[in-house]
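Only one structure is covered here, and it is reproduced in the block below.
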Amino acid sequence: MAVAYLYRKSWPTVHIFCDNESAITSILRTDDGRGTALCASRILRDWFERSERNHLHIHYCPSHCGVAENEAVDADVRTLATMPSASVRTPGRANTSYSYAKSAIAADAVGEWAELAAANPKQYFGQHPPTRSRLVHTGNFPLKRLGGRPALVARFVRCITNHAPTGWYRDWFRTRLREPTLCTLHSGPPQYHTREHVLFECDHYIRKYRHSSIEDLLGSLDPFYDIQQFLRDNPTAFAFDDIPGGAD
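Positions 304 to 551 (our numbering) are the ones given, in order, by the sequence shown.
Structure below.
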């Protein structure tokens with residue numbers, strides 16, 4: 304939105320401040336074909352070609368750190384997000400960013416929920432609108448440490464949530480299908496296939512830790528690192544390749 308605004312001005316030097324570090328590093332990256340980056344690059348190219356005197360400086364400003372100007376902008380955005388957003392959906396409105404439109408629409412949805420609940424309380428089990436909680440660790444740790452590999456991230460999440468292709472999962476959620484639930488990968492007799500069996504018991508997998516239970520693992524210095532290493536050493540753990548009876 305700031306890039307589009309400067310395009311209409313005749314300022315030779317422009318400073319843009321942003322509290323989103325990932326946005327700064329990705330706004331001009333066009334290799335992944337994102338529409339936002341392509342649009343910004345096209346606008347800036349035309350702006351730079353307009354005059355040799357044009358210079359752009361992009362600055363990172365940490366958020367929620369007591370920077371007065373940044374706190375003021377955040378307060379303005381929060382205020383606008385709670386206002387009726389009919390104007391956001393008005394065709395031809397050029398000064399609305401995607402982020403603002405998304406925030407305004409969410410505020411509208413929460414407001415409508417509150418009005419419906421207040422008008423007919425018996426129709427709703429909850430008197431409060433659904434809250435949107437921010438996943439603090441999603442952008443940094445531990446998911447960022449997995450290197451952005453979709454298969455590894457998927458197996459990591461399956462292990463953490465215990466929603467993995469295991470015999471226990473079949474017993475709990477797919478009982479009527481009567482699917483196999485015993486592990487036959489290890490050297491001994493068939494054993495009940497659970498997350499604990501995969502992490503601590505089955506000799507089909509390589510382990511570099513000595514934990515013997517989920518409690519022991521979670522009480523270690525860095526349980527997420529141990530799980531990550533286990534998944535790297537065993538590419539089929541918590542994948543459908545090792546599901547009891549073979550992949551579906």
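The beta-carbon is built from N, C-alpha and C at its ideal position, and this holds for glycine as well.
Item to complete: Run the CB neighbour count on R332, radius 10 Å, all protein chains shown included, and call it buried at 16 or more, exposed below.
Response: On the sequence shown, position 29 is the one that residue 332 refers to. The residue in question, R332, is exposed, as its Cβ has fewer than 16 Cβ neighbours within 10 Å.
Worksheet item: Going by alpha carbons, who is nearest to Y528 out of K447, A454 and R481?
Response: Taking the sequence shown and counting its residues from 1, the one referred to as residue 528 is at position 225. Ranking K447, A454 and R481 by Cα distance to Y528 puts K447 first.
Item to complete: Determine the direct distance from the alpha carbon of L449 to that of R498, and round the result to whole angstroms.
Response: Translated into positions along the sequence shown, residue 498 becomes position 195. Translated into positions along the sequence shown, residue 449 becomes position 146. Approximately 20 Å, taken between the alpha carbons.
Worksheet item: Can you give the Cα-Cα distance for D379 and A410, rounded to whole angstroms?
Response: Numbered from its first residue, the sequence shown carries residue 379 at position 76. Numbered from its first residue, the sequence shown carries residue 410 at position 107. The straight-line gap from Cα to Cα measures roughly 15 Å.
Fill in: Outcome for C462 when other beta-carbon atoms lying within 10 angstroms are tallied against a minimum of 16
Taking the first residue of the sequence shown as 1, we reach residue 462 at position 159. Buried, since its Cβ has 16 or more Cβ neighbours within 10 Å.
Discussion item. Using only the alpha-carbon positions, how far apart do A389 and F503 sit?
Written reply: Counting from 1 along the sequence shown, the entry for residue 389 is found at position 86. Counting from 1 along the sequence shown, the entry for residue 503 is found at position 200. For A389, the predicted model reports a pLDDT of 49, less than 50, meaning its position is unreliable and no value from the coordinates is stated.
Item to complete: Could you check which residue in R452, A542 and F351 has the C-alpha nearest to that of R604?
Response: The first residue shown for the chain is 304 and the last is 551, placing residue 604 beyond what the model contains.
Worksheet item: If you draw a straight line from the C-alpha of G522 to the C-alpha of P492, how long is it?
Response: Here residue 522 refers to the residue found at position 219 of the sequence shown. Here residue 492 refers to the residue found at position 189 of the sequence shown. The alpha-carbon atoms of G522 and P492 are separated by roughly 30 Å.
Practice prompt. Taking D536 as the reference, give the member of G548, H514, S516 and R510 with the closest Cα.
Written response: Translated into positions along the sequence shown, residue 536 becomes position 233. Closest option to D536, Cα to Cα, is R510.
Worksheet item: In the DSSP assignment, what residue or residues form a beta bridge with C486?
Response: Residue 486 sits at position 183 when you count from the first residue of the sequence shown. BP columns for C486 point to Q494.
Worksheet entry | Local conformation of C368 per DSSP, three classes | Indexing the sequence shown from 1 puts residue 368 at position 65. Reduced to three states, the DSSP call for C368 is coil.
Worksheet entry | Ordered list of alpha helix (DSSP H) runs contained in the region 306-362, each at least 4 residues | 324-329 and 338-353
Worksheet item: Are the region 359-368 and the region 311-330 in contact at 8 Å, needing three or more beta carbon pairs?
Response: yes
Discussion item. Please report the straight-line C-alpha distance between S490 and S516, rounded to a whole angstrom.
Written reply: By 1-based counting over the sequence shown, the position of residue 490 is 187. By 1-based counting over the sequence shown, the position of residue 516 is 213. Cα-Cα distance, rounded: 21 Å.
Worksheet entry | Local Cβ density within 10 Å of L524, reported as buried at 16 or more and exposed below that | What you label residue 524 is simply residue 221 of the sequence shown in a count that begins at 1. The residue is exposed, with fewer than 16 neighbouring Cβ atoms inside 10 Å.
Practice prompt. Indicate, with yes or no, if the ligand MN has a heavy atom lying under 7 Å from the CB of T469.
Written response: In terms of ligand content, the structure shown is empty, and the ligand MN therefore cannot be addressed.
Fill in: Backbone CA spacing between Y495 and R458 [nearest angstrom]
On the sequence shown, position 192 is the one that residue 495 refers to. On the sequence shown, position 155 is the one that residue 458 refers to. Going from the Cα of Y495 to the Cα of R458 covers about 20 Å.
Discussion item. Whole angstroms are fine: how far does the CA of T478 sit from the CA of A255?
Written reply: Lying outside 304 to 551, the shown extent of the chain, residue 255 is not represented and no answer is given.
Worksheet entry | A412 versus N373: straight-line alpha-carbon distance, rounded | Residue mapping note: residue 412 aligns to position 109 of the sequence shown, counting from 1. Residue mapping note: residue 373 aligns to position 70 of the sequence shown, counting from 1. Looking at the two C-alpha atoms, the distance is approximately 27 Å.
Worksheet item: I think P608 touches P483, with their Cβ atoms under 8 Å apart; what is that distance to the nearest whole Å?
Response: The structure shown does not extend to residue 608, since the chain is modelled only from 304 to 551, so the question has no answer here.
Worksheet item: Applying the criterion that 16 or more other CB atoms from any shown protein chain within 10 Å of the CB defines a buried residue, is D545 buried or exposed?
Response: Stepping through the sequence shown from its first residue, residue 545 is reached at position 242. With 16 or more Cβ atoms within 10 Å of its Cβ, D545 is classed as buried.
Item to complete: Determine the burial state of T464: buried for a count of at least 16 other Cβ atoms within 10 Å of its Cβ, exposed for fewer.
Response: Reading the sequence shown from its first residue, position 161 is the one you call residue 464. The residue is exposed, with fewer than 16 neighbouring Cβ atoms inside 10 Å.
Worksheet item: First and last residue of the alpha helix (DSSP H) that includes C462?
Response: If you number the sequence shown from 1, residue 462 lands on position 159. From DSSP, the alpha helix (DSSP H) with C462 extends over P453 to T464.
Worksheet item: For F533, which three-state DSSP category applies?
Response: In the sequence shown, counting from the first residue as 1, residue 533 sits at position 230. DSSP places F533 in helix when its eight states are reduced to three.
Discussion item. Does Y308 pass the burial test, meaning 16 or more other C-beta atoms within 10 Å, or should it be called exposed?
Written reply: Looking up residue 308 in the sequence shown gives position 5. Label assigned to Y308: exposed.
Item to complete: Identify the continuous alpha helix (DSSP H) that holds L520 and give its terminal residues.
Response: Taking the sequence shown and counting its residues from 1, one reaches residue 520 at position 217. I517 to L521 is the extent of the alpha helix (DSSP H) around L520.
Worksheet entry | Own chain residues within Cβ distance below 7 Å of P526, not counting five before or after | Along the sequence shown, read from residue 1 onward, the residue named residue 526 stands at position 223. L520, listed in sequence order.
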